[in-house]
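Q: Keeping their order, the protein sequence lines are chains Y and G.
Okay, so the first sequence: first residue is 1 according to this note's numbering, each after it adds one.
Okay, so the second sequence: first residue is 340 according to this note's numbering, each after it adds one.
There are 2 protein chains.
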Amino acid sequence: MTNPVLVEVFRGETVESRHRGSVVVTDGDGKIVYSLGDIERPTFPRSAIKAIQALPLVESGAADAYGFGNEELAMACASHSGEPQHVSRAADMLARAGLDVSALECGAHWPTQQPVLIALAKSGQEPTALHNNCSGKHAGFLCTCRHLGVETRGYSALGSPEQDMVREAMESVTGAPHTLDYCGTDGCSIPTYAIPLKNLAHGFARMATGTDLAPARAKAARRLMDAAMAAPFYVAGTHRACTELMEMAPGRLFVKTGAEGVFVGAVPELGLGIAVKCDDGATRAAEAMIATVLARIFRNEAELESKLDRFADREMRNWNGITYGVISPTEELTEAGIN
Amino acid sequence: MTNPVLVEVFRGETVESRHRGSVVVTDGDGKIVYSLGDIERPTFPRSAIKAIQALPLVESGAADAYGFGNEELAMACASHSGEPQHVSRAADMLARAGLDVSALECGAHWPTQQPVLIALAKSGQEPTALHNNCSGKHAGFLCTCRHLGVETRGYSALGSPEQDMVREAMESVTGAPHTLDYCGTDGCSIPTYAIPLKNLAHGFARMATGTDLAPARAKAARRLMDAAMAAPFYVAGTHRACTELMEMAPGRLFVKTGAEGVFVGAVPELGLGIAVKCDDGATRAAEAMIATVLARIFRNEAELESKLDRFADREMRNWNGITYGVISPTEELTEAGIN
């Protein structure tokens, strides 16, 4: 199946580049409320699934034992920009469990946001594993192990007790088998499993509604989503899509990006979960896609709809600040009748 | 027309992302030697066309008047990384015409290659217009104006004498009309025109062969291509695709990248021009596409073919250096019978 073109990049009046993709919105029962393109194709959720991967942290009692509030739980669900607040928060999470940066197995990388990278380089520092966008998630993994008395070393490996708990959570929430046939290694070295896009949407509808989840899991799911929505800076950072989108409607919409053009969302008040994947892996397209879907979901609230549409349909400027084009969702997407 | 998938990104054994695109190879007469996908679609060549944009610099006599050798001419055709050698060379080109950085109208940006950016930030410097990847091209424009006694200010604007000369060169070499209907503004603020992909390939076949070009233009074209092939570091930089590909067969193959997934090439000894465009604008895919096409063109030279194929089909590593997947051209592309 060839997915439709959902986002176009214009230079002047001419389309310069095109992004294909698929979109699915489900309710807590997994009923498809809306879809475009192939929603059965196995898709690596990558970092989009971090909130589900953080369930054992809450369910195990580790989050309570270490006194984690919204900011720490948001960090456990985050792909953060490695800004000073993120780095210090990750260090603090580890310290509460008697650990430090040396326990992290995610590797180090320079911050991906250019202003953050430049500030770090100018300061004369080098990035550590605390700057890794996944450091909050990994700190959460380590805290879970520590609280449960499980060996921390090797927590990131396939088959470790921690990754078995994470896999069980992902299977139960998304309803998709997580098999070795569709297992790969993520950027931060943990296993990642490709699942049908519709299951990813269903997983986030379930995170929001708790449908068919055990009561403790449903409660933990909602607590994590509420934390992310309450502290969106700690889910991403300055000028990042996840942060800006969640700030548009505090407490009412959850979103999370994943590498290679994935984005998920949930609208708890409507009990909906959303998953989008840009075929070619482009973040710029996935951002336009999730914002457009949210705009249609909130079509009865003109101000919020307009903010979301403006986010999705953006002018692009060159090095001299001259507007040279726009990145725009196509009619196939903007005319979606979702809500 | 839906273009075929030409490059796949695997994570483990599963395809994570897919890139569609089109490819065309022509001879100097414009005869299509090989093609895949839509080769009529208007395509902005972006920086891929810089060697053609540099023709007035040579034809006007400016390059000789200012004593430009291979490195300066390569810089005029370059999208360089803003490494110290690029910056000093651009400054020197301007100085020979009695100008300095303040004459550049391309704007400033931080180097796009992370190690170069980090080194600059650590040094406490800020990027200037000399660091702009287009500074060599703009220095060439300014030298042309200066040599011809044309007002330098405004040289980058649509309708300026310099941009009229550049447009005339692009029209004559590619054989495609350059009209306002398909005109946009490039990253460095000069006009850019979308033309059919086949004309872009034909343009580079003509640059290599001189077919149907006036003798002075044919000579200037070959001088620019020879300069780029002789000084490939000045066309791009450390670990950049253009530099590495041209270094594989010194003097025998020319390549140049353009933003939004464009790549052009030429093989002078065979009189062939090549143009590829990845639909979604991804550089990683355009690099795999051009290298694969070149590998097929050089299929009778096992060592060179193998180097090109290895460049096209690359392992990807995560922050811990673990190989997690590959980016691979599809069979549709690797089985191309070009030569």
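Backbone N, C-alpha and C define an ideal beta-carbon position, used for all residues, glycine too.
The structure presented is a predicted model; accordingly, all values stated were derived computationally and were not measured.
First and last residue of the alpha helix (DSSP H) that includes Y/HIS86?
A: Residues 84–96.
Q: Against chain Y, with Cβ distances strictly below 8 Å, would G/GLN424 count as a contact?
A: Not one chain Y Cβ lies under 8 Å of G/GLN424.
Q: How about the segment 600–607 of chain G and the segment 397–408 of chain G: do they share at least three Cβ pairs that are nearer than 8 Å?
A: Taking 8 Å as the limit for Cβ pairs, the verdict is that the segment 397–408 of chain G does not touch the segment 600–607 of chain G.
Q: Thinking Y/VAL173 and Y/LEU213 are a contact (beta carbons under 8 Å), I'd like their distance in whole angstroms, please.
A: Yes, Y/VAL173 and Y/LEU213 are in contact; Cβ-Cβ is about 7 Å, under 8 Å.
Q: To which residues of the same chain is Y/TRP110 closer than 6 Å at the C-beta, ignoring the five residues directly before and after it?
A: So the list reads LEU117, PRO127, once near-sequence residues are dropped.
Q: Along chain Y, which residues have their Cβ under 8 Å away from the Cβ of G/LYS461?
A: Under the 8 Å cutoff, chain Y gives ALA121, LYS122, GLY124.
Q: For the putative contact between G/THR405 and G/ALA447, defined by C-beta atoms under 8 Å, what is the C-beta separation to the nearest angstrom?
A: What sits at residue 405 of chain G in the sequence shown is Tyr, not Thr. With a Cβ gap of about 24 Å, G/TYR405 and G/ALA447 do not count as contacting.
Q: For G/ASN317, which residues in chain Y fall below 8 Å Cβ to Cβ?
A: The first residue shown for chain G is 340 and the last is 678, placing residue 317 of chain G beyond what the model contains.
Q: Helix, strand or coil, according to DSSP, for Y/PHE233 in the structure here?
A: The answer is helix: DSSP assigns Y/PHE233 an H, G or I state.
Q: Which residue comes first and which comes last in the beta strand (DSSP E) that contains Y/ALA266?
A: Element bounds for Y/ALA266: 262–267.
Q: Can you check which of these residues, G/LEU592, G/SER462, G/ALA567, is closest to G/ALA413 by C-alpha distance?
A: Closest option to G/ALA413, Cα to Cα, is G/ALA567.
Q: Taking the runs of the alpha helix (DSSP H) that are 4 residues or longer, which of them lie wholly in the segment 628–656 of chain G?
A: Listed in chain order, they are 641–651.
Q: Between G/HIS486 and chain Y, is there a C-beta pair that is closer than 8 Å?
A: No - not a single Cβ of chain Y is within 8 Å of the one on G/HIS486.
Q: So, is the C-beta of G/GLU355 closer than 8 Å to a C-beta in chain Y?
A: It does: the Cβ of G/GLU355 has a partner Cβ on chain Y nearer than 8 Å.
Q: Cα-Cα, which of G/ASP366, G/LEU584, G/ALA624 is closest to G/ILE677?
A: Comparing Cα positions, the closest option is G/ASP366.
Q: Could you tell me whether the Cβ of Y/HIS138 comes closer than 8 Å to any Cβ of chain G?
A: With 8 Å as the cut-off, Y/HIS138 does not count as an interface residue toward chain G.
Q: Could you confirm whether any beta carbon from chain Y is found closer than 8 Å to the beta carbon of G/ILE457?
A: Closer than 8 Å: yes.
Q: Starting from Y/ARG206, trace the alpha helix (DSSP H) both ways and give me its first and last residue.
A: Here the alpha helix (DSSP H) through Y/ARG206 covers 197–209.
Q: Determine the contact status of Y/ALA259 and Y/SER47, defining contact as a CB-CB distance below 8 Å.
A: Contact flag set, yes.
Q: Using CA coordinates, which residue listed in G/SER374, G/TYR521, G/PRO454, G/ASP377 is at the minimum distance from G/ARG579?
A: With distances taken between Cα atoms, G/ARG579 lies closest to G/PRO454.
Q: Does chain Y have any CB closer than 8 Å to the CB of G/THR669?
A: Not one chain Y Cβ lies under 8 Å of G/THR669.
Q: I need the DSSP call for G/VAL505, collapsed to helix, strand or coil.
A: Correct three-state label for G/VAL505: helix.
Q: Under 7 Å Cβ-Cβ, which residues of chain G neighbour Y/ASP280?
A: Here the neighbours are SER356, ARG357, HIS358, ASP619, ALA621.
Q: Give a yes or no on whether 8 Å exceeds the smallest Cβ distance from Y/PRO232 to chain G.
A: No - not a single Cβ of chain G is within 8 Å of the one on Y/PRO232.
Q: Span of the alpha helix (DSSP H) holding Y/LYS31?
A: Segment: none, Y/LYS31 is in no alpha helix (DSSP H) and carries neither H nor E.
Q: Report the three-state DSSP secondary structure of G/VAL489 (helix, strand or coil).
A: G/VAL489 falls in the coil class under three-state DSSP.
Q: For G/ARG350, I'd like the list of residues in its chain whose CB is within less than 8 Å of its CB, leaving aside the five on either flank, ordered along the chain.
A: Result list for G/ARG350: TYR663, GLY664, in chain order.
Q: What are the boundary residues of the beta strand (DSSP E) that Y/ALA275 is part of?
A: Taken as a continuous stretch (DSSP letters only), the beta strand (DSSP E) holding Y/ALA275 covers 272–278.
Q: Hey, how far is the Cα of G/ARG492 from the Cα of Y/ILE274?
A: Approximately 52 Å between the Cα atoms of the pair.
Q: Mind checking G/PRO516: buried by the 16 CB within 10 Å criterion, or exposed?
A: G/PRO516 comes out exposed.
Q: Touch check for the segment 470–482 of chain G and the segment 526–543 of chain G: three-plus C-beta pairs under 8 Å?
A: Touching, per the Cβ criterion.
Q: Using DSSP with H/G/I as helix, E/B as strand and the rest coil, what is G/GLU355?
A: Reduced to three states, the DSSP call for G/GLU355 is strand.
Q: Specify the secondary structure class of Y/ARG46 as computed by DSSP and reduced to three states.
A: In the structure shown, Y/ARG46 sits in a helix (DSSP, three-state: H, G or I).
Q: Which residues bound the beta strand (DSSP E) around G/PRO395?
A: Taken as a continuous stretch (DSSP letters only), G/PRO395 belongs to no beta strand (DSSP E), being part of the alpha helix (DSSP H) at 394–398.
Q: Examine chain G for any beta-carbon lying closer than 8 Å to the beta-carbon of Y/ALA62, and answer yes or no.
A: Not one chain G Cβ lies under 8 Å of Y/ALA62.
Q: Beta-carbon within less than 6 Å of Y/PHE141's beta-carbon, same chain only, minus the 5 sequence neighbours each way: which residues are those?
A: The residues are TYR155, GLU162.
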